[in-house]
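The sequence shown begins at 1 in this note's numbering and counts up one residue at a time.
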Amino acid sequence: MPTPELMLLGCAGLLGFALFVRGAVRRPVIAICLFAAVTLWEGRYEPSYGLFQFGVPLMYADGVALALLTAALIRLSRGFGRGHPALTALCLLFGLTCLSLAAGCAQFGVDAAGGEARHLLQVLSGALYVATLPQEQALRYITRVWTAAAVVLSLLAVAWWSDLGIGSNSGHVLVDGVLDDARPLGAPEGLVIAQAAMLLLCGAAGPSRLRQLALPLLAVIVLLQHRTAWAAAALMLGALALSTRAAPRVRRQLAGWGAALALAVMVALSTGVGSSVIGNLAASSSDDTTLTWRVEGWRLLLVKLVSVGDWLTGLPFGTGYERVMNSELLAVSPHNYYVELLLRLGLLGLAVLAALYSTAWLRAGRTRQGDAEPGAGLALRLLVLGQLAFCFADPLFPEQALVLGLLATTATAKTAATEAEADTRPPCPAIPAPAPAPAITSAPQELPCRAAPH
């Protein structure tokens, strides 16, 4: 029987949950900030404790995601974006995830199935919440939160490098008696920094003078030496440089930064200054061992899909990702979001996700200055490219739910181009009204009468 202290603690928790849901419905910026902070913190430090046990340990990000899901359902019940294909796609993904989770819980237990489905549920809950917000509001909040998060993460990386130096992707350092990765941040944090740099370059994150902040953020991405983040950043930068919608000033800035980088590398090679850093960068770029075992792991995992039903709807959560490679049993995730989604939600889940991204891409291409912040359409397309490239070698981490929701609300929003098309359509021909009867303008004439005979 629960003790009075436990009951009091439970009541306080429910009250706090209800207050947070109410705040998320009324003040979205607080919910977005808290979700980004909690997911980035848990992804960086991986705490071994959570809120409480419920078959599977519930982490703080789980509680925040559940609150955002509740707030999203409340907003949907009030008619925010209800019935739009983008929101329908997110709801369908969530429904497929819940069905696979229920089958996994029945077959493998709550602990195994819930632990495997945790990140996907967090991503879909956060995305559903952001998708119910107006596009301008969601873009404004997320760009500011993303820029602040990128600055904080960059400062943490600089503090690490000043203390332990810049290491390669295969190096390790001793931190508090534990051998740790020589890189201060992971690939998910690198993607956040790259996305913030693109938002700044496109002018979607505020005044144009903030564009200069993108240069140090891009330098941090290079020094982090995560090739997945490199690929995403390079694809977004290339698309920005080749885009006809980019401002000429941005192209000149990119060309100037590229020339300065080439000059700095030439000076460093000729003088020997920073040779260790350049050596680490060269070693990280030429190391293909991780890519090789990932591709081989994808092949071994896809073999588990045997029947047509497996390919259509996937295997239930809790099945695991075990495969034998080089006489060693590995159970880590596939490090590929598309393979992971195919294994758990099948081709149906992949098709729904592809429809969501394609709708957001097309709708972002039709945005104009009146739809959102300047450069919003180009920035949103760059975010689509960055996420798609990143997911080839890593899963979609929970903080990316905010970007996925932003893309969904972009697909849901009615753009100015659509409204302009409606305004320029010829009106329906009006039915002419019947002509009024002619008015009588003269007084009636009296008829001559004959005198009666006497």
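For every residue, glycine included, the Cβ atom is placed at its ideal position computed from N, Cα and C.
Query raised in the report: What residues in its chain sit with their C-beta under 8 Å from that of D423, if we drop five residues either side in the sequence?
Result: Here residue 423 is taken as the residue at index 423 of the sequence shown, counted from 1. Since pLDDT at D423 reaches only 39, below the 50 mark, its modelled position is unreliable, and the value read off the structure follows with that caveat. For D423, where only same-chain residues beyond five positions count, there are no Cβ hits under 8 Å.
Query raised in the report: Under the three-state reduction of DSSP, which class applies to H335: helix, strand or coil?
Result: Indexing the sequence shown from 1 puts residue 335 at position 335. DSSP places H335 in coil when its eight states are reduced to three.
Query raised in the report: Can you tell me whether C11 is buried or exposed, with buried defined as 16 or more other CB within 10 angstroms of its CB?
Result: If you number the sequence shown from 1, residue 11 lands on position 11. So C11 ends up on the exposed side.
Query raised in the report: Who are the Cβ neighbours of A67 in its own chain at under 7 Å, not counting the five residues just before and after it?
Result: Numbered from its first residue, the sequence shown carries residue 67 at position 67. Here the set comprises F17, F20, V21, A24.
Query raised in the report: Where K304 and Y141 are concerned, what is the direct C-alpha to C-alpha distance, given to the nearest angstrom?
Result: Counting from 1 along the sequence shown, the entry for residue 304 is found at position 304. Counting from 1 along the sequence shown, the entry for residue 141 is found at position 141. One C-alpha to the other measures close to 42 Å.
Report task. Measure how close the beta-carbons of F392 and N336 come, nearest whole angstrom, since I'm counting them as under 8 Å. Result -> Position 392 of the sequence shown, counted from the start, is the residue given in the question as residue 392. Position 336 of the sequence shown, counted from the start, is the residue given in the question as residue 336. Rounded, the Cβ-Cβ distance is 6 Å, consistent with contact.
Report task. May I have the straight-line CA-CA distance separating E328 from L343, to the nearest angstrom? Result -> For the purposes of this step, residue 328 is taken as residue 328 along the sequence shown, with counting starting at 1. For the purposes of this step, residue 343 is taken as residue 343 along the sequence shown, with counting starting at 1. Cα to Cα, E328 sits roughly 21 Å from L343.
Query raised in the report: What do you reckon, are the CB atoms on T147 and L199 nearer than 8 Å?
Result: Within the sequence shown, residue 147 is the residue found at index 147, counting from 1. Within the sequence shown, residue 199 is the residue found at index 199, counting from 1. The answer is yes: Cβ separation under 8 Å.
Query raised in the report: Between the beta-carbon of A159 and the beta-carbon of V173, is there less than 8 Å?
Result: Position 159 of the sequence shown, counting from 1, holds the residue named residue 159. Position 173 of the sequence shown, counting from 1, holds the residue named residue 173. For A159 and V173, no; Cβs fall outside 8 Å.
Query raised in the report: What are the boundary residues of the beta strand (DSSP E) that includes E328?
Result: One-based indexing of the sequence shown puts residue 328 at position 328. Per DSSP, E328 belongs to the beta strand (DSSP E) from 328 to 330.
Report task. Confirm, please, whether the CB-CB distance from Y60 to V29 is below 8 Å. Result -> Against the sequence shown, residue 29 aligns to sequence position 29. Against the sequence shown, residue 60 aligns to sequence position 60. No, the pair does not count as a contact, with Cβ atoms beyond the cut-off.
Requested in this report: Leaving out five residues on either side along the sequence, give the residues of the same chain with a beta carbon under 6 Å from the beta carbon of C105.
Outcome: Your numbering for residue 105 matches position 105 in the sequence shown. Same-chain partners within the cutoff: A113.
Query raised in the report: Alpha carbon to alpha carbon, what distance is there between A233 and V403?
Result: Within the sequence shown, residue 403 is the residue found at index 403, counting from 1. Within the sequence shown, residue 233 is the residue found at index 233, counting from 1. Going by the C-alpha atoms only, they are around 15 Å apart.
Report task. Look at A149 and L34 and say whether their C-beta atoms are less than 8 Å apart. Result -> Counting from 1 along the sequence shown, the entry for residue 149 is found at position 149. Counting from 1 along the sequence shown, the entry for residue 34 is found at position 34. No, the Cβ-Cβ distance between A149 and L34 is not below 8 Å.
Query raised in the report: What separation, rounded to the nearest whole angstrom, lies between the Cα atoms of L76 and E296?
Result: If you number the sequence shown from 1, residue 76 lands on position 76. If you number the sequence shown from 1, residue 296 lands on position 296. Approximately 43 Å, taken between the alpha carbons.
Report task. May I ask you to report which of helix, strand or coil DSSP gives L315? Result -> Within the sequence shown, numbered from 1, the residue matching residue 315 stands at position 315. Looking at L315 - three-state DSSP - the assignment turns out to be coil, as it is neither helix nor strand.
Query raised in the report: For the alpha helix (DSSP H) that L66 lies in, which residues bound it at each end?
Result: Along the sequence shown, read from residue 1 onward, the residue named residue 66 stands at position 66. From DSSP, the alpha helix (DSSP H) with L66 extends over 60 to 77.
**Report entry** Local conformation of T3 per DSSP, three classes
**Finding:** The residue given as residue 3 occupies position 3 in the sequence shown. If DSSP states are grouped into helix, strand and coil, T3 belongs with coil.
Query - Residue span of the alpha helix (DSSP H) that contains V222, given as start and end - result: The count along the sequence shown starts at 1 and reaches residue 222 at position 222. Note, V222: alpha helix (DSSP H), 214 to 224.
Query - Short Cβ contact (8 Å threshold) for L235 with L385 - result: Here residue 235 is taken as the residue at index 235 of the sequence shown, counted from 1. Here residue 385 is taken as the residue at index 385 of the sequence shown, counted from 1. Yes, Cβ-Cβ distance for L235 and L385 is below 8 Å.
Query raised in the report: Roughly how far, in whole angstroms, is the beta-carbon of P188 from the beta-carbon of G43, given that I think they are within contact range, below 8 Å?
Result: Sequence index remark: in the sequence shown, residue 188 carries index 188 (1-based). Sequence index remark: in the sequence shown, residue 43 carries index 43 (1-based). The pair is a contact, with the Cβ atoms about 6 Å apart (cut-off 8 Å).
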